[in-house]
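Visitor: Line by line, the protein sequences give chains L and H. Residue 1475 is where the first sequence starts when you use my numbering, and the numbers rise one by one after that. Residue 368 is where the second sequence starts when you use my numbering, and the numbers rise one by one after that. Questions regarding the structure given below will be posed in turn.
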Amino acid sequence: MLKSDSDPVLDDAALARRVAQATPGTDREAEAELYRRLAPRVRLYGLRHLRSEASAADLMQQVLLMTLERLRAGAVREPERLASFVLGMCRMVVLDLRRGHARRERLLETYGETLMPEEAPPPSPDRARLMGCLERLSERERTVLVMTFYDDMPAGALARELGLSPANVRVIRHRGLERLRACVTGETS
Amino acid sequence: MSPSPCTAPIELGTLVAYWLGELDAESESRTEEHLLGCDACSKRLGELVALADGVRTLARAGGAHAVVTDAFVRRLIEQGVHVREYRVPRNGSVNCTVAPEDDIVIARLEAPLGDVKRLDMVEIDFEGRGLARAEDIPFRADSDGVVVTPRIDQLRALPASTTRMRLLAVDARGERVIGEYTFNHTPYGTTR
C-alpha cells in the first residue's frame, strides 16, 4: 500500500487516470495501489456469484488484469466511473467462468488442487469466542442465523421452513446479526 | 495514499440481503457498483462473509446449539455431515451416546404443538425443578415436535449421566407441560 507523510486521499478515479496517462506499465505504484484496492472487492463479487473461493480467485485475477490492460490502453473512457466498468468486467467473466465450469472440473479431476491459485484465507472470527457469542443469542436468533448462513438461505425460503413470515425472519436475522457482530468484535461484553 | 471515505454507507440489512440474493435486479446492480468502488463498504461485507463462514463452520462441526428443522437435518445428511439422531417419545426416554465419527447429534422431541402459542424448553433435575430455561424456541405448530442439536463438544465431555428436558406451552393463562424427555447418556465405548 502506498504511503506518504501526509497519506493523501486519492480516489480510484485519480489512480485510474494516472495509470491511463502514464506510458503503459510505467506507473507501477498506481497500478499496485489500484490492484490492492480492487482485489478484495472483486473477490467478494466472485464469492457472491460463484460461491467458491477458487472461482472467486480466478475471477479476481482475470478482471484485474483486463482492467489494468484496458486502462493502460486508454480504453476506459470514464475513469470516474471505474466501478461501473469493473462491474461490467465482473459480469462478463462470471459468464465465462460458468461456461468453462465443466472444463475446469475436468482439469481439476486430472491435475487436482495443484492448479488452484493460492488464496489468502478470509479473516475468521475466533472459534471459541464465536461459540460463546452464539450461545448468548435468543433461541430464535440462533436458529435463524445458523440456518441462514449454513446454506446462505434467503428469508423467504427460511420463513417457509420455520413457519414464520419473511419479514419476521428478516427482523430476527438483523437483530441477531447485530448482537453477534457486537459480541464477536468486543463492542459488547 | 488512501481511498476516499464512504459518503453513503450501505446498511447492514442491505449487505445481508445482497449476500443472500434477496435484492431485486436494480438494487443488486446499484449495490454491486457501490461495493466495487468503496473500500469501507466492501470491508464490511468481507467481515459479514467471514462471520457467516464462521457460523457455517461451527454448525457443520456441531458447535452450535440450536433448534432446527427436519429439512435442515436432511440437508446436513445430503452434504455428508455425519448425523446421529435420537427420537424421544413424549414422556419417554432414550439411551444415547456420541461416537467419534459423529459430527452432529440430533434429538427429536415428539410433542403435539397444534394449539401452542409459545414454547419453552427447560432442563430439569430429578425433583422436576428447572435448571436452565430456553424461552420462546422456534417450532412449527403443524409438526410432530421439535428438533434440537446440542453442542457436540459438551456432549463428548459428559460422564455417564441422565439429563431431563421439559417442553412447556406458555400463554396468557400460564404454562402447561407438553412433555418430558429423559436422556440416559453413556460416553462412547462404555457401559452404564
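We treat Cβ as the ideally placed atom computed from N, Cα and C, and that holds for glycine. Bear in mind the structure is a predicted one, so any value in this text is a computation, not a measurement.
1. Throw me the rounded Cβ distance for the THR398(H) and LEU387(H) pair, which I believe falls under 8 angstroms.
2. Quick check: the Cα distance between LEU1608(L) and GLU1652(L), rounded to an integer number of angstroms?
3. At least one CB of chain H closer than 8 angstroms to the CB of SER1598(L): is that the case?
4. Is the distance from the Cβ of VAL1620(L) to the Cβ of ARG1546(L) below 8 angstroms?
5. Name, going along the chain, the residues of the stretch 505-531 of chain H whose beta-carbon falls closer than 9 angstroms to a beta-carbon of chain L.
6. Please report how far the alpha carbon of SER1612(L) lies from the alpha carbon of LEU1542(L), in whole angstroms.
7. Using a C-beta to C-beta distance shorter than 8 angstroms, which residues of chain L count as neighbours of VAL331(H)?
8. For PRO1591(L) and ARG1573(L), I'd like the C-alpha separation in whole angstroms.
9. Are any of the Cβ atoms in chain H nearer than 8 angstroms to that of ARG1551(L)?
10. Taking only beta carbons into account, state which residues of the stretch 451-482 of chain H come closer than 8 angstroms to chain L, listed in chain order.
11. For the pair the stretch 477-490 of chain H and the stretch 402-411 of chain H, tell me if three or more CB-CB distances fall below 8 angstroms.
12. Output yes or no for whether 8 angstroms exceeds the beta carbon distance between ALA407(H) and PRO372(H).
13. Taking a contact to mean a Cβ-Cβ separation below 8 angstroms, would you say GLU547(H) touches ARG533(H) in this structure?
14. In whole angstroms, what separates the C-alpha of ARG411(H) from that of ARG1515(L)?
15. For GLY1520(L), which option in LEU1556(L), VAL1560(L), ARG1551(L), ALA1504(L) has the closest C-alpha, if you only look at C-alpha atoms?
16. In chain L, what lies closer than 8 angstroms to PRO370(H) by C-beta?
17. Look at the alpha carbon of HIS449(H) and the alpha carbon of ILE471(H), and state the distance between them as a whole number of angstroms.
18. Taking just the CA atoms, how far does ASP420(H) sit from THR516(H)?
19. Tell me whether the beta-carbon of ARG423(H) lies closer than 8 angstroms to the beta-carbon of TYR1624(L).
20. How should GLY497(H) be labelled, buried or exposed, when 16 other C-beta atoms within 10 angstroms of its C-beta is the threshold for buried?
21. List the residues of chain H whose Cβ lies closer than 7 angstroms to the Cβ of VAL1658(L), in chain order.
22. Taking Cβ to Cβ, would you say VAL483(H) is nearer than 8 angstroms to PHE506(H)?
23. Whole-angstrom Cβ separation of SER510(H) and LEU480(H), contact assumed at under 8 angstroms?
24. Closest by CA to ARG451(H), which one among THR464(H), VAL513(H), ILE377(H)?
25. If I'm right that ARG1644(L) touches THR1622(L) with Cβ under 8 angstroms, what's the distance once you round it to whole angstroms?
26. With the cut-off set at 8 angstroms, would you say ALA1631(L) and ASN1642(L) are in Cβ contact?
27. In chain order, which continuous runs of the beta strand (DSSP E) of length 3 or greater are located wholly inside the stretch 404-444 of chain H?
28. If we cut at 8 angstroms on Cβ distances, does VAL440(H) have a partner in chain L?
29. Along the beta strand (DSSP E) that carries GLU477(H), what are the first and last residues, could you check?
30. Between which two residues does the beta strand (DSSP E) harbouring HIS552(H) extend?
31. Could you give the DSSP three-state label for LEU498(H): helix, strand or coil?
32. Considering ASN1642(L), what are the terminal residues of the alpha helix (DSSP H) in which it resides?
Guide: Concretely, from the data shown:
1. Stepping through the second sequence from its first residue, residue 398(H) is reached at position 31. Stepping through the second sequence from its first residue, residue 387(H) is reached at position 20. Actually they do not touch by this definition, with Cβ atoms about 12 angstroms apart.
2. By 1-based counting over the first sequence, the position of residue 1608(L) is 134. By 1-based counting over the first sequence, the position of residue 1652(L) is 178. Roughly 12 angstroms separates the two Cα atoms.
3. Here residue 1598(L) refers to the residue found at position 124 of the first sequence. For SER1598(L), the answer is yes, since a Cβ of chain H falls inside 8 angstroms of its Cβ.
4. For the purposes of this step, residue 1620(L) is identified with residue 146 of the first sequence, where counting begins at 1. For the purposes of this step, residue 1546(L) is identified with residue 72 of the first sequence, where counting begins at 1. No.
5. Correct list: PRO505, PHE506, ARG507, ALA508, ASP509, SER510, THR516, ARG518, ASP520.
6. For the purposes of this step, residue 1612(L) is identified with residue 138 of the first sequence, where counting begins at 1. For the purposes of this step, residue 1542(L) is identified with residue 68 of the first sequence, where counting begins at 1. Distance between the alpha carbons of SER1612(L) and LEU1542(L) is about 48 angstroms.
7. One cannot answer for residue 331(H) here, as it falls past the ends of chain H, which runs 368 to 559.
8. Counting from one through the first sequence, the residue named residue 1591(L) turns up at place 117. Counting from one through the first sequence, the residue named residue 1573(L) turns up at place 99. For PRO1591(L), the pLDDT reaches just 43, beneath the cut-off of 50, and the residue's location in the model is therefore unreliable, leaving the point undetermined.
9. In the first sequence, the residue the question calls residue 1551(L) occupies position 77. It does not; no Cβ of chain H falls within 8 angstroms.
10. Residues passing the 8 angstroms Cβ filter: none.
11. no
12. Looking up residue 407(H) in the second sequence gives position 40. Looking up residue 372(H) in the second sequence gives position 5. Going by C-beta atoms, ALA407(H) is nearer than 8 angstroms to PRO372(H).
13. Here the question's residue 547(H) lines up with position 180 in the second sequence. Here the question's residue 533(H) lines up with position 166 in the second sequence. Against a cut-off of 8 angstroms, the Cβ pair of ARG533(H) and GLU547(H) comes out as a contact.
14. Here the question's residue 411(H) lines up with position 44 in the second sequence. Here the question's residue 1515(L) lines up with position 41 in the first sequence. The straight-line gap from Cα to Cα measures roughly 11 angstroms.
15. Position 46 of the first sequence, counted from the start, is the residue given in the question as residue 1520(L). GLY1520(L) has its Cα closest to that of VAL1560(L), out of LEU1556(L), VAL1560(L), ARG1551(L), ALA1504(L).
16. By 1-based counting over the second sequence, the position of residue 370(H) is 3. Here the neighbours are VAL1483, LEU1484, ASP1485, ASP1486, ARG1511.
17. Residue numbering aside, residue 449(H) sits at position 82 when the second sequence is read from its first letter. Residue numbering aside, residue 471(H) sits at position 104 when the second sequence is read from its first letter. In a straight line, the C-alpha of HIS449(H) is about 6 angstroms away from that of ILE471(H).
18. Looking up residue 516(H) in the second sequence gives position 149. Looking up residue 420(H) in the second sequence gives position 53. The straight-line gap from Cα to Cα measures roughly 19 angstroms.
19. Sequence index remark: in the second sequence, residue 423(H) carries index 56 (1-based). Sequence index remark: in the first sequence, residue 1624(L) carries index 150 (1-based). Yes, the Cβ-Cβ distance between ARG423(H) and TYR1624(L) is below 8 angstroms.
20. As a working note, residue 497(H) is residue 130 in the second sequence. Result: exposed.
21. Reading the first sequence from its first residue, position 184 is the one you call residue 1658(L). Within chain H, the residues whose beta carbon sits less than 7 angstroms from that of VAL1658(L) are LEU418, listed in sequence order.
22. Sequence index remark: in the second sequence, residue 483(H) carries index 116 (1-based). Sequence index remark: in the second sequence, residue 506(H) carries index 139 (1-based). Taking 8 angstroms as the Cβ cut-off, VAL483(H) and PHE506(H) qualify as a contacting pair.
23. For the purposes of this step, residue 510(H) is taken as residue 143 along the second sequence, with counting starting at 1. For the purposes of this step, residue 480(H) is taken as residue 113 along the second sequence, with counting starting at 1. 6 angstroms between Cβ atoms; contact.
24. Your numbering for residue 451(H) matches position 84 in the second sequence. Among THR464(H), VAL513(H), ILE377(H), the Cα nearest to that of ARG451(H) is on THR464(H).
25. The residue given as residue 1644(L) occupies position 170 in the first sequence. The residue given as residue 1622(L) occupies position 148 in the first sequence. Approximately 10 angstroms separates the beta-carbon atoms of ARG1644(L) and THR1622(L); this is outside 8 angstroms, ruling out the contact.
26. Here residue 1631(L) is taken as the residue at index 157 of the first sequence, counted from 1. Here residue 1642(L) is taken as the residue at index 168 of the first sequence, counted from 1. Contact flag unset, no.
27. 433-435
28. For the purposes of this step, residue 440(H) is taken as residue 73 along the second sequence, with counting starting at 1. With 8 angstroms as the cut-off, VAL440(H) does not count as an interface residue toward chain L.
29. Your numbering for residue 477(H) matches position 110 in the second sequence. It spans 471-477 - the beta strand (DSSP E) in which GLU477(H) sits, taken as one unbroken run.
30. Here the question's residue 552(H) lines up with position 185 in the second sequence. 541-552 is the extent of the beta strand (DSSP E) around HIS552(H).
31. What you label residue 498(H) is simply residue 131 of the second sequence in a count that begins at 1. Strand at LEU498(H).
32. On the first sequence, residue 1642(L) is found 168 positions in, with the first residue counted as 1. Where ASN1642(L) is concerned, the enclosing alpha helix (DSSP H) stretches over 1640-1658.
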